[in-house]
Amino acid sequence: MIKKKILVTGGAGFLGSHLCERLLREGNEVVCLDNYFTGQKQNVVHLLENPFFEMIRHDVTMPFFIEVDEIYNLACPASPIHYQYNPIKTVKTSVMGAINMLGLAKRIKAKVLQASTSEVYGDPEVHPQTEEYWGHVNPIGPRSCYDEGKRVAETLFINYHKQNDVRIKIIRIFNTYGPRMHPHDGRVVSNFIVQALDGEDITIYGDGSQTRSFCYVDDLLDGMIRLMNSREDFIGPVNVGNPGEFTMLELAELVLKLTGSRSKIVYMPLPADDPLQRQPNIELARKELGWEPTIPLEEGLRKTIDYFKNFS
Ligand code: NAD
Ligand code: UDP
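Residue numbers (the numbering used here): 49 to 360.
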C-alpha cells in the first residue's frame, strides 16, 4: 500500500535524486519536479521503471498545482558558480519558489520542508554555528543572491506558518557531498576528486586555511526525512551537517592520498566573501531528531571517488 504522495522540487539534482530514490524505497509515491538547470534526467531516469514515480519539467518560479501529502522544496542551484550565473533568477527561485510551494501547501493542507542552508550564517563570527546565530551576510556581495534568497525563504516559511497555520519544517544543510554530484558542479569535493582522477592541478582558492564541515549524502537525508516526520510543533530551523571540520588544504591532501594521484596543488585567488570557517553545532538535531552523522569524511570520500572512477 502506498504510504504518502510526495512532491520533491529540484528532484533531478544531487540531493533531490537521492531523496526521490529513498522515499520510493520507503513505499511512497513520488513526483519529481525540476527545470533541469543544474540537475539532469540522467539522475532519476532509473526510477522511471517504478510506476509510483513521475517526472515533471517545471520551474518553481511559476505556480504549480497538484494534490500531495508532503512537499520537499529543494529547487535551487547550490554551487556558487551556478547560483552566480544568473543571480536574479537565483533570488526568484528561492523567493517565488517558496511563495508558490507555500501557497500550494496552504491550499492542499500539505506539510512542506524548506532546504535552507548554512549560508544563512554568511561568513560567521560565531563558531561553531548554532541556530540562534543571526548570521553575517553581505547583502550586496556575489553570494547574496543565494544567501539572502534563502533567508527570505525562511522568513516566508515562518510567516505562512504563523499567519496561515501551514505545517512547515526548515532544515539548514551544511556542505554535503557524495555520488551523483555533477563532475562540473564546481563545488570543492567534486572539483578536487575529478581533478585528482584526471591528473589535473588541484585548485585551492586562497591559502587553503578556510574550513568547511562535510556531510555524506546518506547521513544528510536521514536527518532531512527525520525532520519531515518529527513532532508537529518542531519546525526548526535545525542544522544538519557533520561537525568534522577540515581546511581546504587538508581536504586536498586527503583526496590526493585516497586517489593515489600525483596531481599538483595550485593556489588561486579566494573569491569575494568566501566564508573563512564553517562548522555546525548539531545539539538541536541530536535532541529533537535523535540524529547524528555516522559516515566520517574518509569513508564518504572513498565512496564518492569510486563513483567518479566508474563515471569517467
Ligand atoms: P543541485 O544543483 O544538484 O540541485 C538543485 C536542483 O534544483 C537541480 O536539479 C536544478 O535543476 C533544480 N532547480 C534549480 N532552479 C530551479 C527552478 N527555478 N525550478 C525548478 N527546479 C530548479 O544542488 P543540491 O546540492 O542537490 O541542492 C539541493 C538543495 O539543497 C538546494 O536548495 C540547495 O540550496 C540546498 N543545499 C544543499 C547543500 C549541499 O551541500 N549539497 C547545502 C546547503 C543547502
Ligand atoms: N574551493 C576551492 N577550490 C575549488 C572549489 C572551491 O578551494 O575548486 C573552496 C571555496 O573557495 C570554499 C570551499 O572550497 O572556500 C568550499 O567551496 P564550495 O563551493 O564547495 O562551497 P561553499 O563555499 O558554498 O561552502
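Glycine included, C-beta positions come from ideal geometry on N, C-alpha and C. All values reported here derive from a predicted model rather than from experimental measurement.
query                                                                                                                                                              : result
Do Asn223 and Arg385 come within 7 angstroms of each other at the CB atom, strictly closer than that value?                                                        : Only positions 49 to 360 of the chain appear in this structure, which leaves residue 385 out of reach.
Would you give the residue range spanned by the beta strand (DSSP E) that Val56 belongs to?                                                                        : 53–57
Which residues neighbour the ligand UDP when neighbourhood means a C-beta less than 7 angstroms away from any of its non-hydrogen atoms? List them by chain order. : Ser127, Pro128, Glu167, Asn223, Gly234, Arg235, Val236, Val237, Asn239, Phe240, Thr251, Ile252, Tyr253, Gly254, Gly256, Gln258, Arg260, Met296, Leu318, Pro319, Asp322, Pro323, Arg326
Leaving out five residues before and five after Asp266 in sequence, what residues of the same chain have Cβ atoms less than 8 angstroms from its Cβ?               : His66, Gly226, Ile343
Whole beta strand (DSSP E) runs in the segment 104–168 with 3 or more residues, listed along the chain?                                                            : 118–121, 159–165
Shortest alpha-carbon distance to Trp182 belongs to which of Val168, His230, Ile188, Tyr194?                                                                       : Val168
Taking 6 angstroms as the cut-off, is the beta-carbon of Ile206 closer than that to any non-hydrogen atom of the ligand NAD?                                       : no
Run through the segment 261–296 for me and flag every whole alpha helix (DSSP H) of 4 or more residues, listed as ranges in chain order.                           : 265–276
With 16 other CB atoms within 10 Å as the buried threshold, where does Tyr84 fall?                                                                                 : exposed
Going by the beta-carbon positions, is the gap between Met103 and Asn121 smaller than 7 angstroms?                                                                 : no
According to DSSP, is Gly308 part of a helix, a strand, or is it coil?                                                                                             : coil
At a cut-off of 6 angstroms, is Asn148 close to the ligand NAD when judged by its beta-carbon and the heavy atoms of the ligand?                                   : no
I'd like the list of long-range same chain contacts for Asp321, defined as Cβ closer than 7 angstroms, with 5 residues on each side in sequence excluded.          : Asp171, Asn186, Gly189, Pro190, Arg191
What are the boundary residues of the alpha helix (DSSP H) that includes Ile241?                                                                                   : 236–246
What three-state label does DSSP hand Arg326 in the structure shown?                                                                                               : coil
Measuring alpha carbon to alpha carbon, tell me which residue in Val174, His94, Ile147, Ile119 is nearest Pro328.                                                  : Val174
At a threshold of 6 angstroms, does Ala201 count as lining the ligand NAD (C-beta to nearest heavy atom)?                                                          : no
Grouping DSSP H, G and I as helix and E and B as strand, with all else coil, what is Gly189?                                                                       : coil
Could you give the first and the last residue of the continuous beta strand (DSSP E) run that contains Thr251?                                                     : 250–253
Measuring from the CB of Val60, is there a heavy atom of the ligand NAD at a distance below 6 angstroms?                                                           : In the sequence under discussion, the amino acid at residue 60 is Ala, which differs from the Val named in the question. Correct: Ala60 has its Cβ closer than 6 angstroms to the ligand NAD.
Do Gly254 and Leu318 have their CB atoms nearer than 7 angstroms?                                                                                                  : yes
Could you give the residue range of the alpha helix (DSSP H) that holds Ile353?                                                                                    : 345–359
Looking only at C-alpha atoms, which of Thr295, Glu77, His106, Thr109 sits nearest to Asp117?                                                                      : Glu77
Any idea if Gln90 is buried or exposed, counting beta-carbon neighbours within 10 angstroms, 16 or more meaning buried?                                            : exposed
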